[in-house]
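By the numbering used here, the letter at position 38 of the sequence shown is numbered 46, and the numbering carries on one by one without gaps.
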Amino acid sequence: MKRVSKLHFGDIGKSFSVAFVLITIAWGIVSYYSFGGIYISWQILLGNLAVSATLSAIIYRMRYHRLLEYDERRFTLRTGKRITEGEWKDFSLVSLYHKGFGVFALRLYRGNPDETDFVELPATDLGLNPSNFRFELSQYL
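Put into C-alpha cells, the structure is as follows:
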C-alpha cells in the first residue's frame, strides 16, 4: 500500500495564528483580572509562542493534515479526522480538475460525469504530479 502525505505550511500558519491569538487574548484577560492590568514580558511572549506552537501542531493534525493510502484495489484519504474510503471498482471515470491558483485535484466519478456524485483527491496538496497521478489512477479503474 502506498502512503502519500505532505506538510502544508499554509495550514500550519493558519493553525499557529489562531492558537497564538487565542492564547494571547486568554493571557490578557487572566493578567487583567489578576494584576489589574495587562502584564507583558519577554518570558510571557516566549511562553505564548511555545504553547501556541504545541497547540497549532495538534490543530493541524486533527483538522488539516492530509494522508492518502492506496493500492490497486482501494484508497483511503484522511483529512484531519475525516476519512474518505473507496474501492476503484466503484468509479468509472477520473478527471483532472483545476481548482484555481495552481491547485489541482482528481475527481473520481461514480456514474455520469455530468452528475455531482464524485470523490475528490487533492493531488497538489499531497505533493503529487497531478497528470502522472491521473494516469496512474486510470489504470486502477
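Idealized CB from N, CA, C, for every residue including glycine.
Sequence-distant residues of the same chain with beta carbon closer than 8 Å to Gly160, five excluded per side: A question about residue 160 goes unanswered here, because the residues of the chain that appear run from 9 up to 149.
In DSSP terms, what Ser103 is bridged to: Reading the sequence shown from its first residue, position 95 is the one you call residue 103. DSSP lists Arg115 as partners of Ser103.
CB of Lys184 within 8 Å of CB of Asp79, strictly: The requested residue 184 is not part of the displayed model; the chain covers only 9 to 149.
Meets three-Cβ-pair contact criterion under 8 Å: the stretch 131-138 and the stretch 12-30: yes
For Arg142, three-class secondary structure by DSSP: Within the sequence shown, numbered from 1, the residue matching residue 142 stands at position 134. Reduced to three states, the DSSP call for Arg142 is helix.
Nearest residue (CA-CA) to Ser103, options Leu75, Gly110 and Phe143: Your numbering for residue 103 matches position 95 in the sequence shown. Comparing Cα positions, the closest option is Phe143.
Thr92 versus Thr32: straight-line alpha-carbon distance, rounded: In the sequence shown, the residue the question calls residue 92 occupies position 84. In the sequence shown, the residue the question calls residue 32 occupies position 24. When rounded, the distance between both Cα atoms is 36 Å.
Touching by the beta-carbon criterion (3+ pairs, under 8 Å), the stretch 32-47 and the stretch 67-82: In short, these stretches do not touch, since the Cβ pair count stays below three.
Close Cβ partners of Tyr47 (< 6 Å) along its chain, the five nearest in sequence each way excluded: In the sequence shown, residue 47 corresponds to position 39, counting from 1. Cβ neighbours of Tyr47 beyond the five flanking positions: Ser39.
Neighbourhood of Leu63 by C-beta distance below 6 Å, restricted to the same chain and skipping five residues each side: Walking along the sequence shown from the start, residue 63 turns up at place 55. Closer than 6 Å at the Cβ level, and outside the excluded window around Leu63, lie Ala27.
Residues sharing a beta bridge with Tyr41, DSSP: Looking up residue 41 in the sequence shown gives position 33. In the DSSP output, where bridge partners are listed per residue, Tyr41 has none listed.
Residue closest to Thr87, alpha-carbon to alpha-carbon, out of Phe141, Leu53, Tyr148 and Glu128: Residue 87 sits at position 79 when you count from the first residue of the sequence shown. Minimum Cα distance to Thr87 is reached at Glu128.
Backbone secondary structure at Phe109 - three-state DSSP: Locating residue 109 in the sequence shown gives position 101, where the first residue counts as 1. Coil at Phe109, not helix or strand.
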